[in-house]
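**Q** Right, I'll just put the structure down here and ask away after.
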Amino acid sequence: MKKIFKIFVFIFIQIIFTNCASTVMEENLSYNSFDDDKFQFYFSNERPIVKIKINDLVLNFLVDTGANANFFIYKGIKKLLPYLPKEEFDTIKLSGGKIGTIKFIAEFDDKNTEYDGVLGIPFLSQKADVVSFDYKAREILFLPMMVEGKEEPLIPVSVRGHAPLYFMTMQIENRKEFFLFDTGNEIIALRSNYDNEKSIYPSEDFIFNLLNNDYKKANRFKTVKLPTFYYGGNIYKDVRAVYNDFIFSKASISARRLLSSFSSAGYPLFKDKIVQIDFKKNTLIIAE
Numbered sequence: 420m421k422k423i424f425k426i427f428v429f430i431f432i433q434i435i436f437t438n439c440a441s442t443v444m445e446e447n448l449s450y451n452s453f454d455d456d457k458f459q460f461y462f463s464n465e466r467p468i469v470k471i472k473i474n475d476l477v478l479n480f481l482v483d484t485g486a487n488a489n490f491f492i493y494k495g496i497k498k499l500l501p502y503l504p505k506e507e508f509d510t511i512k513l514s515g516g517k518i519g520t521i522k523f524i525a526e527f528d529d530k531n532t533e534y535d536g537v538l539g540i541p542f543l544s545q546k547a548d549v550v551s552f553d554y555k556a557r558e559i560l561f562l563p564m565m566v567e568g569k570e571e572p573l574i575p576v577s578v579r580g581h582a583p584l585y586f587m588t589m590q591i592e593n594r595k596e597f598f599l600f601d602t603g604n605e606i607i608a609l610r611s612n613y614d615n616e617k618s619i620y621p622s623e624d625f626i627f628n629l630l631n632n633d634y635k636k637a638n639r640f641k642t643v644k645l646p647t648f649y650y651g652g653n654i655y656k657d658v659r660a661v662y663n664d665f666i667f668s669k670a671s672i673s674a675r676r677l678l679s680s681f682s683s684a685g686y687p688l689f690k691d692k693i694v695q696i697d698f699k700k701n702t703l704i705i706a707e
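Set out below in structure tokens:
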């Protein structure tokens, strides 16, 4: 890693799936560097948080497959500023050894998060073709790793040239449902119109129009227990889900617009399992 780091601040479409509550389980975890082949993480509300050392500063990052950008929130930017020449702030960049230049955007709404930024799909897919989240060992591996399990197809959707979001296809109670693949989500979150409308195929045009239309909050404050379902050779029983308007009430407008029409799959699917995403094949394995 180079001693001097800078951050590129870019403005483009960003999808942020975060919540306000914070319960850090392992605050003393050893830190990583951006060029490591393996990251240790701790759980905060069942979401993976990694500690990254930049010069002499250690920052916390949420690793979020439901984000199509890497970004610093304002809290993280304020921490980093003393380590950078003021005149260079607008053209900072982080050089990461094997991963080249990591591009970040700025998100100026802290939302009371305990982390300083988010590492999303651009970081993960640039660092390795295959990335494995080991939820038992609490590790993220960017090395070849054989995982025995059923490969499930993912639907990548890039909106106007930006990094893709990835969607899973699941059968729940004889209905096909498209879920956002979302390690940044501690729950199963159901779209607002889950009860009375069929799941819509996640196409680029539909999502683009969705992100540019007015958002109408449905005020669905309730949780439900999903019927038993299968995915990737795994059986899921007694899984509880929450309607998106409740859990994401303080998320960004873009996130609320997207989640009004798409459900999101998070921690309950991944608990105690190895989750491997192949960016070249667009496949996902969830294995014991």
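Under this note's numbering, the residues of the sequence shown are numbered 420 to 707, in order. Just so you know, even glycine gets a beta-carbon here, dropped at the ideal spot from N, CA and C. Just so it is clear, the structure is predicted and the values come from calculations on it, not from any experiment.
1) With DSSP collapsed to three states, give me the class of L678.
2) Is Q590 buried or exposed, if buried means 16 or more other CB atoms sit within 10 Å of its CB?
3) Which parts of the region 550-634 are runs of the beta strand (DSSP E), unbroken and 3 residues or longer, counting only runs that do not cross its ends?
4) Relative to the alpha-carbon of V661, which residue among G651, S679, I654, Y650 has its alpha-carbon at the smallest distance?
5) Alpha helix (DSSP H) containing L543: first to last residue?
6) Which of the three DSSP states is assigned to K472 in this structure?
7) Examine the Cβ distances between the region 585-604 and the region 617-630 and report whether three or more of them are shorter than 8 Å.
8) Can you round the beta-carbon distance between A488 and A582 to whole angstroms, since I take them to be within the 8 Å contact cut?
9) Helix, strand or coil: which one does DSSP assign to T442?
10) So what does DSSP say about F452, is it helix, strand or coil?
11) Just mark L500 as buried or exposed, buried being the case when its beta carbon has 16 or more other beta carbons within 10 Å.
12) Under the rule that 16 or more other beta-carbon atoms within 10 Å means buried, what is A556, buried or exposed?
13) Are D548 and F698 close, meaning C-beta to C-beta below 8 Å?
14) Bridge partners of P467, per DSSP?
15) Please report how far the alpha carbon of Y450 lies from the alpha carbon of D614, in whole angstroms.
16) Let me make sure I understand the geometry here. Which of V694, G651, I496 has the alpha-carbon closest to that of I559?
17) Tell me whether D535 is buried or exposed, calling it buried when 16 or more other Cβ atoms sit within 10 Å of its Cβ.
18) Tell me which residues share the same chain as S622 and place their Cβ nearer than 8 Å to its Cβ, disregarding the 5 neighbours each side in the sequence.
19) Output yes or no for whether 8 Å exceeds the beta carbon distance between F462 and V469.
20) A706 bridges to which residues according to DSSP?
21) Mapping the DSSP letters down to three states, classify K641 as helix, strand or coil.
22) In terms of residues, what are the limits of the alpha helix (DSSP H) holding Y655?
23) For the putative contact between I574 and V658, defined by C-beta atoms under 8 Å, what is the C-beta separation to the nearest angstrom?
**A** In short:
1) helix
2) exposed
3) 558-560, 571-576, 584-591, 594-600, 607-609
4) S679
5) 540-546
6) strand
7) yes
8) 7 Å
9) Any reading at T442 must be qualified, since the residue scores a pLDDT of 42, below 50, and its modelled position is unreliable; no value is offered.
10) At residue 452 the sequence reads Ser, which differs from the Phe that was named. Of the three classes helix, strand and coil, the one that applies to S452 here is coil, per DSSP.
11) exposed
12) exposed
13) Inclusion of D548 and F698 in the CB contact set at 8 Å is warranted, their separation being smaller than that value.
14) Beta-bridge pairing links P467 to F462.
15) 44 Å
16) V694
17) buried
18) V576
19) no
20) I693
21) Here K641 sits in coil by DSSP.
22) Run containing Y655: none in the alpha helix (DSSP H); it sits in the beta strand (DSSP E), 653-655.
23) The pair is not a contact, with the Cβ atoms about 22 Å apart (cut-off 8 Å).
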